[in-house]
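Chemist:
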Amino acid sequence: MDYAPEQIVVSGGAKQSLCNVILSLVNPGDEVIIPTPAWVSYVEMVKLAEGKNVLVPAGIEQDFKITPQQLRDAITPKTKLILICSPSNPTGSVYTHAELQALVDVIKDYPDIMVLADEIYQHINFTGSFTSLGAFPEIADRVIVVNGVSKAYAMTGWRIGFIAAPLWVAKATTKLQSQYTSGSSSIAQKAAEAAYTGSQECVEEMRKAFQRRRDLVVSLAREIPGLKVNVPQGAFYLFPEVSSYFGKRCGDRVINNAADLAMYLLEEGHVATVDGGAFCLPGYIRLSYATSDDNIREAMRRIAEALARLK
Ligand SMILES: Cc1ncc(COP(=O)(O)O)c(C=O)c1O
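Letter by letter, the sequence shown follows residues 12 to 322 of this note's numbering.
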């Protein structure tokens, strides 16, 4: 992919990059298509812009990826933006090149719609290949790619993210952020430069570690009756379907939904998970395996024990 320096805008983390784009492009009443489950902040950013969230659900049976038909059905004359996150938080799903091409084939029929591609987990990918949505020539002039150092280099606290965008979008976001943050810290920018220009061995080392942990967490989750899991292909999350526990109880405590289950696991199992409802897809919980193999084993042991107490 080929961008001029003026098309790159560096911000305080991918989060600000995303918010800059949404605030710059979305006017009140404009629709933003968001496949769900989706990272928690997208819908709130769209609300900040007074846009309308159009959620397109994709459950475990379709590996948490939307189909081209679902995308086409969600498009209306008010659609301004389509948001695609791959590899995904919270599911770890990764769209293949062919799956992206099929979505691109739909998008190319709607020349006024912009695409926001959140590729922050690009390097935590177990498929052996990665295609950016910005690399499809049919729509490249309408794609804003978001990336940053938080995940690949474990530099979350340095707060460096960026967009690679059509020049007019880059200019709009620059104008916006120049009024409210000026730019990101020069010290953090230097640190990011070191990350990008230094040896990339640590990135591959961590990718392999995450793949090993993925295998571990999936195999332990599969031993727990009632958890429905897929095999995530990237990021560091597992998103099990947990509805078989709904209606069960432990003493006076009744589990009615995934939020109840997440709270039960926290209070009784002492493991922090997140209710899938926070990602706009109820019936699931999110587990993060961005921790040591020992912590993963211990957490899964506690989860299994706590769940076995539900009758
Ligand atoms: C999908 C997704 N996009 C963006 C971000 C924000 O990243 P940053 O720390 O660079 O703001 C996160 C962080 O959790 C994320 O999961």
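The beta-carbon is built from N, C-alpha and C at its ideal position, and this holds for glycine as well.
So if DSSP puts Ile198 in a beta bridge, which residue, or which two residues, is it bridged to?
Modeler: Paired residue(s): none; Ile198 is not in a bridge.
Chemist: Would you say the beta carbon of Ile327 comes nearer than 7 Å to a heavy atom of ligand 1?
Modeler: Missing from the structure shown is residue 327; the chain here goes from 12 to 322 and no further.
Chemist: Quick one: is the Cβ of Cys30 within less than 7 Å of any heavy atom of ligand 1?
Modeler: no
Chemist: Please tell me whether Ser28 and Ser22 are closer than 8 Å, where the distance is taken between their beta carbons.
Modeler: yes
Chemist: For Ile296, write down the residues that DSSP places opposite it in a beta bridge.
Modeler: Asp286
Chemist: When you compare the CB positions of Ala202 and Met166, do they come within less than 8 Å of one another, or not?
Modeler: yes
Chemist: Report whether the distance from the Cβ of Ala128 to the nearest heavy atom of ligand 1 is below 7 Å.
Modeler: no
Chemist: Is any heavy atom of ligand 1 found at a distance shorter than 7 Å from the C-beta of Cys291?
Modeler: no
Chemist: Inspect the beta-carbon positions of Gly62 and Val43 and report whether they are closer than 8 Å.
Modeler: yes
Chemist: Which value, in whole angstroms, describes the spacing of the CA atoms of Glu130 and Leu82?
Modeler: Computed Cα separation, rounded: 19 Å.
Chemist: Return helix, strand or coil for Phe173, following the three-state DSSP convention.
Modeler: DSSP, reduced to helix, strand and coil, places Phe173 within a strand of the structure shown.
Chemist: Enumerate in chain order the residues of its own chain whose CB-to-CB distance from Ala310 is below 6 Å, with the five nearest sequence positions on each side excluded.
Modeler: Val282
Chemist: Quick one: grab the DSSP three-state call for Gly262.
Modeler: coil
Chemist: Mind checking who Cys96 pairs with in its DSSP beta bridge?
Modeler: Asp129
Chemist: If you reduce the DSSP assignment to three classes, tell me which class Ser22 lands in.
Modeler: strand
Chemist: Looking at the unbroken beta strand (DSSP E) that takes in Leu66, where does it start and where does it end?
Modeler: 63-68
Chemist: Let's see if you can read the secondary structure: which residues bound the beta strand (DSSP E) around Thr47?
Modeler: 42-47
Chemist: What residues in its chain sit with their C-beta under 8 Å from that of Pro79, if we drop five residues either side in the sequence?
Modeler: Ala113, Leu114, Asp116, Val117
Chemist: Mark Val20 as exposed unless 16 or more other C-beta atoms lie within 10 angstroms of its C-beta, in which case mark it buried.
Modeler: buried
Chemist: Let me know if Arg153 comes out buried or exposed under the rule of 16 or more other beta-carbons within 10 Å of its beta-carbon.
Modeler: The C-beta of Arg153 has 16 or more other C-beta atoms within 10 Å across all chains shown, which makes the residue buried.
Chemist: Measuring from the CB of Gly145, is there a heavy atom of ligand 1 at a distance below 7 Å?
Modeler: no
Chemist: Indicate the three-state DSSP secondary structure (helix, strand or coil) for Glu309 in the structure shown.
Modeler: Helix.
Chemist: Measuring alpha carbon to alpha carbon, tell me which of Asp84, Arg218, Asp286, Val126 ends up nearest Glu149.
Modeler: Val126
Chemist: Taking the alpha carbon of Trp50 as the reference point, which residue from Leu144, Pro98, Arg225, Trp179 has its own alpha carbon closest?
Modeler: Pro98
Chemist: Can you round the beta-carbon distance between Val57 and Ala85 to whole angstroms, since I take them to be within the 8 Å contact cut?
Modeler: That pair is no contact at about 14 Å.
Chemist: Which residue from Tyr248, Asn241, His108 puts its Cα closest to that of Ser299?
Modeler: Tyr248
Chemist: Would you check whether ligand 1 has a heavy atom nearer than 7 Å to the C-beta of Asn100?
Modeler: yes
Chemist: Are there 16 or more other CB atoms within 10 angstroms of the CB of Lys322, so buried, or fewer, so exposed?
Modeler: Result: exposed.
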